[in-house]
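A.B. asks: Quick note on numbering: the sequence shown equals residues 14 to 747 in the working numbering. Heads up, the beta-carbon is just placed ideally off N, CA and C, and yes, glycines get one too.
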Amino acid sequence: MKKGLNLLVLLFGLYAGSYAQSISINTDGSEPDSSAMIDVVSTQKGMLIPRMTETQKNAIAGPATGLMIFQIDNTSGFYFNAGTPAAPSWIKIQSAVDGSSLISDTDGDTKIQVEEGTDDDIIRFDIAGSELFRMQAPGRINFSSQHVYIGNNAGTADNTTPHIYESNVGIGIEANRNNIGGSNVAIGAVAMGQSTYAGSNVAVGNKAMFGNMTGSGNTAVGQQSMFFNTSGGSNVAIGQEALNTNKTGSRNVTLGGGAIFTDTSGNNNVAIGHQSGLINYGSSNIFIGYQSAATQTNLSNKLFIENSSSTTPLIYGNFADDSLKIHGILTLDSAKDGSGYTFPGLRGTNGQVLTSNGAGKTVWEDAEASPWNTTGSSINYTIGKVGIGTASPETDLHVKGSLSLEGVSRSVIYNSTLATRNILVIRADTALNNGAGINLYGTNDNNYSDQIRFFTQNTFNTPNMLIDSSGKVAIGTESPSAKLTLAGTGEVAARINSYASALSENASLAFSKARGTEGSEAAVVQNDIVGQVTAFAHDGTTYGAIAKISIEMDAATGTGDLPGRIQFHTTADGASTTTERMRIDSDGNVGIGKTDPSYKLDVLGEIRAQAGIGFYNAAEWDHIKLSHTGSLAYMDVGGTADGLAFRTENTSVDYNPTYTERMRIDGSGNVGIGNSTISSKLDVAGDIETGSGDAFYFGDPTTNGTWRIIRDGNDLSFERREGGTWVFKMKINE
């Protein structure tokens with residue numbers, strides 16, 4: 014019934030609205046207000062508009078401008094479309110309760126809000142739909158772009174793209190205005206105003222580093238400090254107009270207003286003090302003090318320490334030649350109690366010495382007469398003895414301790430008195446003229462054949478060893494006849510000992526030879542003598558060689574090819590020179606009486622063996638070779654497994670002979686001719702020829718009962734010895 018009444022009232026209202034261009038919905042029959050299309054009047058009920066979620070709201074297709082809904086989730090409330098059907102812009106209708114949490118433009122994408130979430134307590138600044146920075150307790154300001162720019166046109170060229178670890182800070186009108194580099198801090202009006210690609214700079218002060226374009230790593234603190242810098246890097250300028258006109262200079266450090274003001278390209282300068290190095294444009298200087306070097310223009314590698322613009326500073330240095338000057342009085346007081354001394358400021362005259370008056374002042378005074386004299390660059394001492402390390406010198410120069418002599422090419426010690434033989438004595442005891450040590454001396458005539466002599470205790474007049482002027486070494490004699498001469502009474506021996514465990518470690522004596530010169534050696538040639546060991550004996554008049562061993566080159570040499578031989582020589586009775594008796598050549602052949610052995614043992618002459626000679630060959634038998642020079646070999650007699658074989662050589666050459674066995678005697682005494690397998694006392698393979706009257710005996714020819722076969726012309730007779738005579742028994746005729 015209620016639905017019907019409401020429908021009736023609605024139809025009635027629509028009818029009335031249609032007629033009057035206004036609609037009134039009420040229960041008291043009042044007329045609609047003329048300014049309203051729909052006038053709803055009630056004191057007991059309200060008007061309910063569509064309710065939906067934010068997602069449903071955003072899904073409305075082509076919402077009309079002014080369309081209103083009530084959003085029930087997220088930030089709930091009444092929303093109306095302030096945009097167009099094609100581009101909706103839903104605006105929340107603020108109430109007295111939440112209206113103060115938002116300051117927004119018409120479309121709501123630029124705003125300041127304090128309650129984005131429940132009890133957010135954060136002031137957020139959004140521009141064109143993006144939050145740029147926020148303020149929150151305790152006084153922190155966060156910038157979303159990682160760059161901070163505060164001031165009119167500050168950082169206008171920066172696209173605010175986040176650069177991790179490369180954020181810029183610009184505070185002040187047009188600070189860092191044109192820069193698109195990173196990691197810069199510009200604080201002050203127009204600080205780094207012209208910078209473009211500069212990075213890692215700090216500029217603090219009005220127009221500090223204003224003209225810097227690409228310079229990096231600079232620090233400028235002070236009004237117009239580094240004002241004109243363009244590309245200079247790694248500079249530090251602190252003070253008003255410090256390093257003001259620098260453009261390309263790098264690695265400079267200035268502290269003080271106007272320090273190195275006009276320099277444009279100098280490098281590696283340090284200026285501390287107001288206007289220090291004011292107009293200088295050099296490099297590698299250090300200026301310390303008020304206006305130090307302020308009037309200098311083109312200084313480099315200099316040190317000025319001064320509190321004025323004087324050209325003669327208190328301390329002046331030149332790094333180029335490592336020199337230092339003090340234009341004043343220098344006082345040294347290491348005790349820091351006023352007990353130091355002051356150096357004079359003027360030079361003394363030639364020969365004066367610097368002395369102290371004992372009251373803190375030093376003065377130049379004329380030197381007292383001294384036994385030390387100078388002549389040119391030489392120093393000499395003419396009175397008494399000189400002791401170094403001792404107060405009681407025993408000689409003209411007595412050094413107690415070590416002594417070093419060093420010269421450009423050599424150190425010279427000499428004795429001008431020819432009659433005095435000793436030039437330098439190095440002794441091991443306290444005696445001046447006796448004891449162990451080394452003497453260097455020249456002979457006591459005009460022949461300065463200097464020697465080095467070595468002594469032991471109590472051998473001062475006779476050296477144990479010496480080295481003469483030709484480089485010969487003598488042990489036990491004062492007259493060396495070779496590079497090394499050993500002499501003495503009784504037995505004189507040279508011995509080399511080796512104490513080692515390894516098989517290869519030994520006591521050795523080595524000979525070596527090369528042609529050419531040392532450092533430019535050349536190969537030896539055939540028959541070069543590499544080393545010799547010679548024994549000498551005295552014949553009553555002089556020494557002569559009695560025997561020697563000579564080590565020589567046996568053939569032509571080459572890289573990795575050094576054939577050698579050893580020759581043994583003796584001196585014959587009645588002779589005075591040695592003759593070669595035996596040699597071992599590079600093939601290992603031994604020649605006795607021969608200089609060209611062709612066999613392992615090649616002897617020219619007779620061989621006698623009193624106790625016998627044994628032979629062994631790698632072949633199946635040992636042998637003795639009997640031959641005659643210039644003809645065929647005659648016979649080769651050698652052992653067999655059980656006897657003795659006789660062989661003849663088939664060739665006339667010695668290098669590859671062949672042999673044929675002709676006869677053998679085995680271990681039982683059997684003889685085989687032409688047969689190596691013997692079955693009887695005489696075993697002949699082949700013919701046996703005898704002359705007329707010759708016989709074959711079967712038994713002892715002098716014993717009765719012995720038989721014989723004897724040739725009788727062309728017949729054979731068989732005879733038996735009977736009664737001491739041969740008795741015919743049978744004949745075989747031709």
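With a threshold of 16 other CB atoms inside 10 Å of the CB of T258, please say whether the residue is buried or exposed.
C.D. replies: Counting from one through the sequence shown, the residue named residue 258 turns up at place 245. It is buried - the Cβ of T258 has at least 16 other Cβ atoms within 10 Å.
A.B. asks: Can you tell me which of the three DSSP states N71 falls into?
C.D. replies: On the sequence shown, position 58 is the one that residue 71 refers to. Three-state DSSP puts N71 in a helix.
A.B. asks: From this set, Q288, N281, H287, which residue's C-alpha is nearest I299's C-alpha?
C.D. replies: One-based indexing of the sequence shown puts residue 299 at position 286. Looking at the Cα atoms, N281 is the closest of the given residues.
A.B. asks: Which runs of the beta strand (DSSP E) at least 3 residues long sit entirely within the stretch 670-723? Give them in chain order.
C.D. replies: 672-679, 684-686, 695-697, 708-711
A.B. asks: Looking only at DSSP bridge pairs, what is T583 linked to?
C.D. replies: Within the sequence shown, the letter at position 570 stands for residue 583. DSSP output for T583 lists A560, T592 as bridge partner(s).
A.B. asks: Pairs of beta-carbons, one from the stretch 305-312 and one from the stretch 329-339, closer than 8 Å: are there three or more?
C.D. replies: no
A.B. asks: Is the CB-CB distance between P384 and G364 below 8 Å?
C.D. replies: The sequence position of residue 384 within the sequence shown is 371, counting from 1. The sequence position of residue 364 within the sequence shown is 351, counting from 1. Not in contact: P384 and G364 (Cβ atoms no closer than 8 Å).
A.B. asks: Output the distance between the C-alpha atoms of D346 and K374, rounded to the nearest integer angstrom.
C.D. replies: For the purposes of this step, residue 346 is taken as the residue at position 333 of the sequence shown. For the purposes of this step, residue 374 is taken as the residue at position 361 of the sequence shown. For the pair D346 and K374, the Cα-to-Cα distance works out to about 12 Å.
A.B. asks: What would DSSP say about V412, mapped onto helix, strand or coil?
C.D. replies: Position 399 of the sequence shown, counted from the start, is the residue given in the question as residue 412. Strand at V412.
A.B. asks: Could you pull the start and end residues of the beta strand (DSSP E) that F240 belongs to?
C.D. replies: Along the sequence shown, one-based indexing puts residue 240 at 227. No beta strand (DSSP E) contains F240, which DSSP labels as neither H nor E.
A.B. asks: Around the Cβ of L614, are there at least 16 other Cβ atoms within 10 angstroms (buried) or fewer (exposed)?
C.D. replies: As a working mapping, residue 614 is identified with position 601 in the sequence shown. By the 10 Å Cβ count, L614 comes out exposed.
A.B. asks: Mapping DSSP to helix, strand and coil, what is Y647?
C.D. replies: For the purposes of this step, residue 647 is taken as residue 634 along the sequence shown, with counting starting at 1. Note that Y647 has pLDDT 44, beneath the 50 cutoff, so the model's placement of it is unreliable and the number below is only indicative. In the structure shown, Y647 sits in coil (DSSP, three-state: anything other than H, G, I, E or B).
A.B. asks: Note the first and the last residue of the continuous beta strand (DSSP E) segment covering M743.
C.D. replies: Within the sequence shown, residue 743 is the residue found at index 730, counting from 1. Segment 738-745, the beta strand (DSSP E) holding M743.
A.B. asks: Given this structure, state the Cα-to-Cα distance separating F741 from E747, to the nearest angstrom.
C.D. replies: If you number the sequence shown from 1, residue 741 lands on position 728. If you number the sequence shown from 1, residue 747 lands on position 734. Whole-angstrom Cα-Cα distance: 17 Å.
A.B. asks: What residue range does the beta strand (DSSP E) around E735 cover?
C.D. replies: As a first step, residue 735 must be located in the sequence shown, where it is residue number 722. 728-735 is the span of the beta strand (DSSP E), which, as asked, contains E735.
A.B. asks: Quick one, which of Y710, I745, R724 has its alpha-carbon nearest R734's?
C.D. replies: For the purposes of this step, residue 734 is identified with residue 721 of the sequence shown, where counting begins at 1. Checking every option, the nearest Cα to that of R734 belongs to Y710.
A.B. asks: Check each candidate in S391, R64, V543, Q304 and name the one with the smallest Cα separation from G290.
C.D. replies: By one-based count along the sequence shown, residue 290 stands at place 277. Ranking the options by Cα distance to G290, first place goes to Q304.
A.B. asks: DSSP three-state call for M226: helix, strand or coil?
C.D. replies: Indexing the sequence shown from 1 puts residue 226 at position 213. Looking at M226 - three-state DSSP - the assignment turns out to be coil, as it is neither helix nor strand.
A.B. asks: Let's test the definition: count the other Cβ atoms within 10 Å of the Cβ of I177 and tell me whether it reaches 16, buried, or not, exposed.
C.D. replies: Looking up residue 177 in the sequence shown gives position 164. The pLDDT assigned to I177 is 49, lower than 50, so where the model puts this residue is not dependable; a value taken from the coordinates is nonetheless given after this. Its Cβ having fewer than 16 others within 10 Å, I177 is exposed.
A.B. asks: When the Cα of N219 is compared with those of R594, G230, G557, Q237, which residue comes out closest?
C.D. replies: For the purposes of this step, residue 219 is taken as the residue at position 206 of the sequence shown. Of the candidates R594, G230, G557, Q237, the one whose C-alpha sits nearest the C-alpha of N219 is Q237.
A.B. asks: As a quick exercise: from K485, A536, P714, pick the residue whose alpha carbon is nearest that of L499.
C.D. replies: Position 486 of the sequence shown, counted from the first residue, corresponds to residue 499. Residue K485 is the option with its Cα nearest to L499.
A.B. asks: Who pairs with G400 in a beta bridge, going by DSSP?
C.D. replies: In the sequence shown, the residue the question calls residue 400 occupies position 387. DSSP output for G400 lists H411 as bridge partner(s).
A.B. asks: What is the rounded straight-line gap between the Cα of N166 and the Cα of I136?
C.D. replies: Working through the sequence shown from its first residue, we reach residue 166 at position 153. Working through the sequence shown from its first residue, we reach residue 136 at position 123. Cα to Cα, the separation comes out at about 24 Å.
A.B. asks: In the DSSP assignment, what residue or residues form a beta bridge with H551?
C.D. replies: Sequence index remark: in the sequence shown, residue 551 carries index 538 (1-based). Partner(s): Y556.
A.B. asks: In its own chain, which residues sit with a C-beta less than 7 Å from the C-beta of E633, not counting the 5 before and 5 after it?
C.D. replies: Working through the sequence shown from its first residue, we reach residue 633 at position 620. With a pLDDT of 49 at E633, under the threshold of 50, the modelled position of that residue is not reliable, and no figure is offered here.
A.B. asks: With H, G and I counted as helix, E and B as strand and the rest as coil, what does DSSP make of Y354?
C.D. replies: As a first step, residue 354 is located in the sequence shown; it is residue number 341 there, counting from the start. Looking at Y354 - three-state DSSP - the assignment turns out to be strand.
A.B. asks: So which of D567, T355, S589 has the shortest CA-CA distance to D552?
C.D. replies: Position 539 of the sequence shown, counted from the start, is the residue given in the question as residue 552. Of D567, T355, S589, the residue nearest in Cα terms is S589.
A.B. asks: Measure the beta-carbon distance from G606 to G618 and round it to whole angstroms, keeping in mind my assumption that it falls under 8 Å.
C.D. replies: Looking up residue 606 in the sequence shown gives position 593. Looking up residue 618 in the sequence shown gives position 605. That pair is a contact at about 5 Å.
A.B. asks: In terms of residues, what are the limits of the beta strand (DSSP E) holding T232?
C.D. replies: Residue mapping note: residue 232 aligns to position 219 of the sequence shown, counting from 1. Unbroken beta strand (DSSP E) run through T232: 232-234.
A.B. asks: Judging by CA-CA distance, which residue of G571, P45, L522, I36 is the nearest neighbour of A535?
C.D. replies: Taking the first residue of the sequence shown as 1, we reach residue 535 at position 522. Out of G571, P45, L522, I36, G571 has the C-alpha closest to the C-alpha of A535.
A.B. asks: To the nearest angstrom, report how far apart V543 and G573 are at their CA atoms.
C.D. replies: Position 530 of the sequence shown, counted from the start, is the residue given in the question as residue 543. Position 560 of the sequence shown, counted from the start, is the residue given in the question as residue 573. Each residue's Cα considered, the two are about 17 Å apart.
A.B. asks: Are at least three pairs of beta-carbons, each pair with one atom in the stretch 713-721 and one in the stretch 679-698, less than 8 Å apart?
C.D. replies: No, the stretch 713-721 does not touch the stretch 679-698.
A.B. asks: Under 8 Å between the Cβ atoms of I301 and G286?
C.D. replies: The residue labelled residue 301 in the question sits at position 288 within the sequence shown. The residue labelled residue 286 in the question sits at position 273 within the sequence shown. Less than 8 Å divides the Cβ of I301 from the Cβ of G286.
A.B. asks: Alpha carbon to alpha carbon, what distance is there between E378 and S483?
C.D. replies: In the sequence shown, residue 483 corresponds to position 470, counting from 1. In the sequence shown, residue 378 corresponds to position 365, counting from 1. Rounded to the nearest angstrom, the two C-alpha atoms are 55 Å apart.
A.B. asks: Whole angstroms are fine: how far does the CA of G142 sit from the CA of I82?
C.D. replies: Residue numbering aside, residue 82 sits at position 69 when the sequence shown is read from its first letter. Residue numbering aside, residue 142 sits at position 129 when the sequence shown is read from its first letter. For I82 and G142, the distance between alpha carbons rounds to 23 Å.
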